[in-house]
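Encoded as structure tokens, the structure appears first; notes follow it.
Protein chains in written order, with UniProt numbering: chain A, 1 to 401; chain B, 1 to 306.
Structure representation (structure tokens):
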């Protein structure tokens, strides 16, 4: 970490190093407060102002020594920062406990972020381009719909089954790809997305274009859709879903971060960056690609199942190529491989069009142009994934968290 | 089944096949010269269809030209604007990104396709809805028992076959074709032997995109209706045809195109269930074929340096 003297005396690097955890708490809390305001904001001016503020924060974090120090501290204490973020997210739920729309937004962002970090596992770590993210998401919802309608198993099990179904279908899909090289995964996943969408639209047992109804989530006899108060407080029935979504995000985040930081992550990095070298070192390319694709799709399926239960219905509409591209633009905007970047990008991409009605119509065009600009001028995304640096294990044992 | 209806379906299959082949040839060309997949190709088809509609509409409606001239201006506009779109995408996106990871190029061209699609939807008046396409080819039909095809369809089929053949001759017999093949073989060596690399690459993009735009114009003439998002499916079908036939060869995508159309037609003819399943089954067949022939039916001749 740099120790350039900062002109601002209150937050001088020395001071910050003495109380690193306070810095982390402050930073994360501030970011979440901004995010919460963004989801809650009613007027377009407020939204634009917050967007500008976010851009300013990123510019500061990127360009000034103070910002670089703060982000360095946050990444040194990343485990602590993630825990603080979890608490802050729960705090947002408490603040907005009665507001249907804000909680729905919050849960949606959490679930899409979950799907996007799963896509990150596939694309950024293993190098498999999955252009059917939305299809697997909707597939998770359909599994939940069929399960709640025809099988009397506990809903927590249904989430597991949704993950297994989407994971298994993903692996079947990947098998032909493993015999090939290059862009075939892209073709196969795009073809699968189109195939699934046409199948869902013409298939009457799955409801055709109208889709299916899904029963709400219930756990231990507690029906999420019936909850209207906790103790003396009136709460929105979206509140339990928001808590569930954030917990699922936390589990997926921890799981995939663990994978990244383990030897599996190193194997995935090797397979992605040079298949020939990886196989020379005895790594099975097929195995690691299957592992990443399986886990990623299973996570997407679980997120989709919760999303379907929260909305109460699912239609083939969300499974098209457009929505899959939206998911990919989230991870490209957030920076390939950067999980919190994906969360920020998910918030921007999902919330801004809802708030700014003027751009609703131009949404896809704007995002496509934005992604093009980033690919051309800043290919690693707004918040690039830091290069894996194993030297710090030698210098400071135990610093990684 | 009645022989006449069977012949009619066969004819429909050939029609579709030639259109798919024209799109697929573009994928194979781009992959040959730069090893990239240009996924905005399907939307270039749509651009071609809409430019020909615009030009033919203006020529036929405002200036009141006879249908032949309206048709000619429609085709000219499709080919010119399609080629221009191809060159712009090649120049702005594909050439600068050619050393980036393959996924970046893929994503960039997919996004370029989205831009084209959305620009048509938002830019053309009432662009979100299907647009009727004027009937510019002579009417009338050839009949034999229960077999009946429109003269316009025969003309479209003939034009398509001629164009595919012409492209083949261009690649194999002309100096430009020789340059394309040289760049496809080894860009560096081609440059050393005095070939203008950028010009050849952009020329290839113009050629492939013009073919796709012409296919879009033909689709409009055949179905009499075009839609802003018709390119998504056509692009994927074209790419699938090229892959199944063998990327990097000239004959492969043509075979692949007819194969894909054959499967679709066969599903409609043979299965009693709704023809809506034709895409589902066609894509399933593609996925299975990739599993069986990983490098396509006509395998690419290349060795890998390890």
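Each residue gets a CB set at the ideal place from its N, CA and C atoms; glycine is no exception.
Which whole-angstrom value describes the C-beta separation of residue i and residue j, a residue pair presumed to lie in contact below a C-beta threshold of 8 Å?
i                      : j                      : result
residue 162 of chain B : residue 221 of chain B : Their Cβ separation, rounded to whole angstroms, is 15 Å, which puts residue 162 of chain B and residue 221 of chain B out of contact at 8 Å.
residue 138 of chain A : residue 314 of chain A : 6 Å
residue 368 of chain A : residue 230 of chain B : Actually they do not touch by this definition, with Cβ atoms about 18 Å apart.
residue 162 of chain A : residue 305 of chain A : 4 Å
residue 212 of chain B : residue 48 of chain B  : 6 Å
residue 133 of chain A : residue 329 of chain A : That pair is no contact at about 11 Å.
residue 28 of chain B  : residue 248 of chain B : 6 Å
residue 208 of chain B : residue 30 of chain B  : 6 Å
residue 92 of chain B  : residue 36 of chain B  : 14 Å between Cβ atoms; not a contact.
Give me the DSSP bridge partner(s) of residue i.
i                      : result
residue 313 of chain A : A:213
residue 148 of chain B : B:143
residue 132 of chain B : B:225
So the alpha helix (DSSP H) residue i belongs to, where does it begin and stop?
i                      : result
residue 47 of chain A  : 44-63
residue 41 of chain B  : 41-57
residue 346 of chain A : 339-355
residue 272 of chain A : 263-273
residue 73 of chain B  : 67-89
residue 97 of chain A  : Looking at the DSSP string, residue 97 of chain A is not in any alpha helix (DSSP H), and its letter there is neither H nor E.
residue 22 of chain B  : 3-34
residue 264 of chain B : 251-270
residue 188 of chain A : 184-202
residue 307 of chain B : Since the first residue shown for chain B is 1 and the last is 306, residue 307 of chain B is missing from the structure and cannot be characterised.
residue 118 of chain B : 102-123
residue 37 of chain B  : From DSSP, residue 37 of chain B is part of no alpha helix (DSSP H); its letter is neither H nor E.
residue 32 of chain A  : 20-40
residue 322 of chain A : 321-334
residue 179 of chain A : No alpha helix (DSSP H) holds residue 179 of chain A; DSSP gives it neither H nor E.
residue 139 of chain A : 133-150
residue 279 of chain B : 278-292
residue 366 of chain A : 363-377
residue 239 of chain B : 230-245
Just the C-alpha distance for residue i and residue j, rounded to the nearest angstrom, thanks.
i                      : j                      : result
residue 291 of chain B : residue 149 of chain B : 37 Å
residue 238 of chain A : residue 99 of chain A  : 8 Å
residue 12 of chain B  : residue 262 of chain B : 9 Å
residue 245 of chain B : residue 320 of chain A : 26 Å
residue 35 of chain A  : residue 102 of chain A : 11 Å
residue 124 of chain A : residue 164 of chain A : 22 Å
residue 2 of chain A   : residue 74 of chain A  : Any reading at residue 2 of chain A must be qualified, since the residue scores a pLDDT of 47, below 50, and its modelled position is unreliable; the value itself is stated next. Rounded to whole angstroms, residue 2 of chain A to residue 74 of chain A spans 14 Å at the Cα level.
residue 168 of chain B : residue 169 of chain A : 40 Å
residue 400 of chain A : residue 189 of chain A : Bear in mind that a pLDDT of 47 at residue 400 of chain A, under 50, signals an unreliable position, so the number given afterwards is only what the model happens to contain. Straight-line Cα distance between these residues: approximately 35 Å.
residue 5 of chain B   : residue 266 of chain B : 12 Å
residue 271 of chain B : residue 371 of chain A : 43 Å
residue 172 of chain A : residue 284 of chain B : 12 Å
residue 57 of chain A  : residue 51 of chain A  : 10 Å
residue 7 of chain B   : residue 57 of chain B  : 34 Å
residue 91 of chain A  : residue 271 of chain A : 40 Å
residue 269 of chain A : residue 191 of chain A : 27 Å
residue 416 of chain A : residue 235 of chain A : Any property of residue 416 of chain A remains undetermined from this structure, which presents chain A solely from 1 to 401.
residue 96 of chain B  : residue 64 of chain B  : 44 Å
residue 32 of chain A  : residue 39 of chain A  : 10 Å
residue 153 of chain B : residue 179 of chain B : 35 Å
residue 316 of chain A : residue 210 of chain A : 8 Å
residue 294 of chain B : residue 239 of chain B : 14 Å
residue 99 of chain B  : residue 290 of chain A : 27 Å
residue 206 of chain A : residue 21 of chain A  : 51 Å
residue 287 of chain B : residue 176 of chain A : 7 Å
residue 234 of chain B : residue 43 of chain B  : 8 Å
residue 224 of chain B : residue 217 of chain B : 10 Å
residue 109 of chain B : residue 115 of chain B : 10 Å
residue 177 of chain B : residue 71 of chain B  : 29 Å
residue 158 of chain B : residue 68 of chain B  : 17 Å
residue 70 of chain A  : residue 27 of chain A  : 8 Å
Are at least three pairs of beta-carbons, each pair with one atom in the segment 252-266 of chain B and one in the segment 15-34 of chain B, less than 8 Å apart? Three or more Cβ pairs drawn from the segment 252-266 of chain B and the segment 15-34 of chain B lie within less than 8 Å of each other, which places the two stretches in contact.
With three or more beta-carbon pairs closer than 8 Å as the criterion, would you say the segment 116-134 of chain A touches the segment 97-109 of chain B? With the cut-off at 8 Å, the segment 116-134 of chain A and the segment 97-109 of chain B touch.
Are the segment 31-48 of chain A and the segment 355-364 of chain A in contact at 8 Å, needing three or more beta carbon pairs? Contact holds: three or more Cβ-Cβ distances are below 8 Å.
Below 8 Å, can you find three or more Cβ-Cβ pairs linking the segment 76-84 of chain B to the segment 200-220 of chain B? Segments in contact, yes.
Counting pairs of Cβ atoms below 8 Å between the segment 124-133 of chain B and the segment 338-349 of chain A, do you hit three or more? Contact between the segment 124-133 of chain B and the segment 338-349 of chain A is absent: fewer than three C-beta pairs spanning the two stretches fall below 8 Å.
For the 8 Å Cβ check, are there 3 or more pairs between the segment 116-123 of chain A and the segment 245-262 of chain A? The way I'd put it, the segment 116-123 of chain A does touch the segment 245-262 of chain A; three or more beta-carbon pairs between them come closer than 8 Å.
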